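Residue numbers (this note's numbering): -3 to 197. By construction, the Cβ of each residue, glycine as well, lies at the ideal position given by its N, Cα and C atoms. Keep in mind the model is a prediction, meaning the values are calculated, not measured.
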């Protein structure tokens, strides 16, 4: 499998760190609490490794969004399903009964995914000077295998591990970009051009 150099992964980390900070600020306004996010750790891996990495023995909630540009694929924001309810309650109100939260959960989670994923893709668009066409976010629930097994061995994952901090709470999540090998090559080229422009400037 094609690999990124440490320098290229560091460049991706810096790009996504900007987007993560923007997403944290936007989410803070929605939930009326200060949210901070750690600098993402970037891994390039195949489907099976990603499944084992994400699998913590519980079901997950994924908000996925298809994107198209010079490199195309699907971006997925992943939370532990039982912890995603904490974010939902903050968005719709802490006094909301569980039965009503369930009805509102999909819209709230889709909005969270929309904020975070759009921030990431907007940063890529700015840094790489490329336009991204985005589909409406979709929700998926289940174990990591059922969420990611729809992709074949031709697909590679760019995996970002992030921790969200909501005042005294900690919520760990991941952002996954699922792309085929050709799109991964295009992403690598874009990163190389980005680094070259910085060094020449």
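Residue span of the alpha helix (DSSP H) that contains residue i, given as start and end
i: residue 141; result: 140 to 144
Helix, strand or coil at residue i [DSSP, three-state]
i: residue 176; result: strand
i: residue 170; result: strand
i: residue 68; result: coil
i: residue 55; result: coil
i: residue 77; result: helix
i: residue 102; result: helix
i: residue -1; result: coil
i: residue 85; result: helix
i: residue 189; result: helix
i: residue 63; result: strand
CB contact below 8 Å: residue i versus chain C
i: residue 38; result: The structure shown has no chain C; it contains just one protein chain.
Integer-rounded CB distance, given that residue j should sit under 8 Å from residue i
i: residue 151; j: residue 110; result: Wrong, their Cβ atoms sit about 23 Å apart, outside the cutoff.
i: residue 172; j: residue 74; result: 6 Å
i: residue 179; j: residue 68; result: 6 Å
i: residue 136; j: residue 104; result: The Cβ separation is near 16 Å, so there is no contact.
i: residue 182; j: residue 43; result: Between residue 43 and residue 182 the Cβ distance is about 19 Å, and since that is not below 8 Å, they are no contact.
i: residue 23; j: residue 108; result: 7 Å
i: residue 5; j: residue 38; result: 5 Å
i: residue 118; j: residue 15; result: 7 Å
i: residue 170; j: residue 40; result: Going by Cβ atoms, the distance from residue 170 to residue 40 rounds to 14 Å, so no, they are not a contact pair.
Between the CA atoms of residue j and residue i - distance to the nearest angstrom
i: residue 146; j: residue 161; result: 31 Å
i: residue 76; j: residue 196; result: 43 Å
i: residue -1; j: residue 184; result: 9 Å
i: residue 19; j: residue 115; result: 6 Å
i: residue 7; j: residue 194; result: 10 Å
i: residue 192; j: residue 100; result: 46 Å
i: residue 70; j: residue 17; result: 21 Å
i: residue 62; j: residue 163; result: 32 Å
i: residue 31; j: residue 166; result: 10 Å
i: residue 134; j: residue 59; result: 6 Å
i: residue 2; j: residue 45; result: 19 Å
First through last residue of the beta strand (DSSP E) which encompasses residue i
i: residue 24; result: Careful: residue 24 lies outside any beta strand (DSSP E), inside the alpha helix (DSSP H) at 2 to 27.
i: residue 30; result: No beta strand (DSSP E) holds residue 30; DSSP gives it neither H nor E.
i: residue 47; result: Residue 47 -> not in any beta strand (DSSP E); alpha helix (DSSP H) instead, spanning 43 to 50.
i: residue 132; result: That residue, residue 132, is in no beta strand (DSSP E); it is neither H nor E in DSSP.
i: residue 157; result: 151 to 162
Do the stretch 125 to 144 and the stretch 155 to 167 meet, that is, are 3 or more Cβ pairs less than 8 Å apart? no
Give a yes or no on contact between the stretch 114 to 123 and the stretch -3 to 15, applying the rule of three or more CB pairs nearer than 8 Å. yes
Using 8 Å as the cut-off, can you tell me whether the stretch 53 to 70 makes contact with the stretch 136 to 143, which would need three or more C-beta pairs spanning the two stretches below that distance? yes
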